[in-house]
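Data block below; observations after.
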Amino acid sequence: MKLAVIEGDGVGREVIPAALQVLDCFDLPIEKIPLELGLGKWEKTGQAITDADLEILKNCDCILFGAVTTPADPNYKSVLLTIRQELDLYANIRPLKPIKGIKGATGNTDFDILVVRENTEGLYSSIEEVGENEAWSKRIITRRASERIAQIACEYAAKRANHLTIVHKSNVIKADSLFLNTCRDVAHTHNVIHDAMLVDAMAYDMVRSPEKYDVVVAPNLYGDILSDLGGALVGSLGLLPSANIGEKQAFFEPVHGSAPDIAGRGVANPIAAILSVAMLLDWLNRPEQARIVREAVEKSVLDGIMTSDLGGKASTLELTDSIVSHIVSTF
Ligand code: NAI
Ligand code: MG
Numbered sequence: 011m012k013l014a015v016i017e018g019d020g021v022g023r024e025v026i027p028a029a030l031q032v033l034d035c036f037d038l039p040i041e042k043i044p045l046e047l048g049l050g051k052w053e054k055t056g057q058a059i060t061d062a063d064l065e066i067l068k069n070c071d072c073i074l075f076g077a078v079t080t081p082a083d084p085n086y087k088s089v090l091l092t093i094r095q096e097l098d099l100y101a102n103i104r105p106l107k108p109i110k111g112i113k114g115a116t117g118n119t120d121f122d123i124l125v126v127r128e129n130t131e132g133l134y135s136s137i138e139e140v141g142e143n144e145a146w147s148k149r150i151i152t153r154r155a156s157e158r159i160a161q162i163a164c165e166y167a168a169k170r171a172n173h174l175t176i177v178h179k180s181n182v183i184k185a186d187s188l189f190l191n192t193c194r195d196v197a198h199t200h201n202v203i204h205d206a207m208l209v210d211a212m213a214y215d216m217v218r219s220p221e222k223y224d225v226v227v228a229p230n231l232y233g234d235i236l237s238d239l240g241g242a243l244v245g246s247l248g249l250l251p252s253a254n255i256g257e258k259q260a261f262f263e264p265v266h267g268s269a270p271d272i273a274g275r276g277v278a279n280p281i282a283a284i285l286s287v288a289m290l291l292d293w294l295n296r297p298e299q300a301r302i303v304r305e306a307v308e309k310s311v312l313d314g315i316m317t318s319d320l321g322g323k324a325s326t327l328e329l330t331d332s333i334v335s336h337i338v339s340t341f
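Going by the working numbering, the first residue of the sequence shown is number 11, and it counts up by one from there.
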């Protein structure tokens, strides 16, 4: 099993070492392949990711990724988009689940949402042009991509509360009708109870009544935005893990970015990256080890060991050490 490890930029360099400390608690047959990508590489070489990097990634089974900083250069193509598109990691799975002992922005801890975000098209098609007086980005919705994201969303729904909410804006954006209707057909075929929400109303309702939702399937941009909103509901962006799943490979990363405002201070919350390792363990068919990681996170929080985004005083290292010691105590 080959795991590419990309710390990236900013807090990626702090939370990925923490995540590896957790992964290393388990004696797994994993060969780690470190890879430098992102702004740091771009500044040194003029490229944030090369064809050779992509070849290495294509030959790995899975990837653990921190975050990268986007430079203000119109010619820069996002590293993340490149990897997601080149490896066809079409499903971005983002659980929004409260952690015992942490209250989010609304105080509501009674919800368990799984955002399933289409990850290869929509407004992230990279087909765009920026001129002096006119700029445009092409938004693509295809039946094939809508079908496969709806299928994976229905598979998750079947293992959960069997309820799918399809997020769209087809009253204004015609392309969304194809997404909505395709998702409806797939849900119908899978016998999944389904409804639909306009994305703006969805943002409002997720804040007011998140407990109403189970699996939420959305085109690329809406899924991106709603999951950050979920970060506030759960308590911090520093808590949200994610998986980008393809046919054969998968890529695990915290939802958050490189957080330049706190990078280099040793205060970044490592939980999103550590819970991304739990998702990696699930993908490797090791649910027991994934459970141990999630419980260790919860125990550390209940011990009051939290980083400043959660109102605590612990450093990245102190919280990681605490989580590791809870894991080790189960052996
Ligand atoms: P961000 O997610 O980096 O930060 C948003 C807010 O959340 C900031 O206040 C930050 O301090 C906080 N935050 C994020 N991660 C945290 C953690 N682990 N612990 C505690 N607090 C945390 O988003 P922002 O500021 O919009 O973007 C910064 C850079 O990251 C940009 O260059 C952006 O393009 C890039 N980015 C990269 C992503 C990736 O590589 N997956 C995803 C999102 C943004
Ligand atoms: Mg985002």
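Where a beta carbon is used, it is the ideal one built from N, C-alpha and C, also for glycine.
Since we're looking at a predicted model, the values are computed, not measured.
Pairing V177 with A228 gives a Cβ-Cβ distance under 8 Å. Within a 10 Å sphere around the beta-carbon of K68 sit fewer than 16 other beta-carbons, which makes this residue exposed.
In the DSSP assignment, T175 falls within the unbroken beta strand (DSSP E) covering H173 to H178. The beta carbon of L250 sits no closer than 7 Å to any heavy atom of the ligand NAI.
By the criterion of at least three beta-carbon pairs nearer than 8 Å, the region 41-49 is in contact with the region 78-86. In the structure shown, E305 adopts helical secondary structure according to DSSP, grouped into three states. Counting only residues of its own chain and dropping the five nearest sequence neighbours on each side, L190 has a CB closer than 8 Å to the CB of I176, H178, S180 and A206. With a contact defined as Cβ atoms closer than 8 Å, A101 and I272 miss out at about 30 Å. 8 Å or more divides the Cβ of V244 from the Cβ of L236. Between the C-alpha atoms of V32 and V287 there is a straight-line separation of about 8 Å. Apart from the 5 residues on each side of it in sequence, A28 sits with its Cβ closer than 7 Å to the Cβ of P280, A283, I284, T326 and T330 in its chain, given in chain order. For the pair T340 and I302, the CB atoms are nearer than the 8 Å cut-off.
When DSSP assignments are scanned along the region 86-146, the uninterrupted stretches of beta strand (DSSP E) that are 3 or more residues long and fall wholly within it turn out to be 101-106, 123-128 and 138-140.
The beta carbon of G322 is closer than 6 Å to those of M316 in its chain, skipping five residues each way along the sequence. With respect to the 8 Å criterion, I43 and A14 are classified as neighbours on the basis of their beta carbons. Here C35 carries a coil assignment [DSSP, helix/strand/coil].
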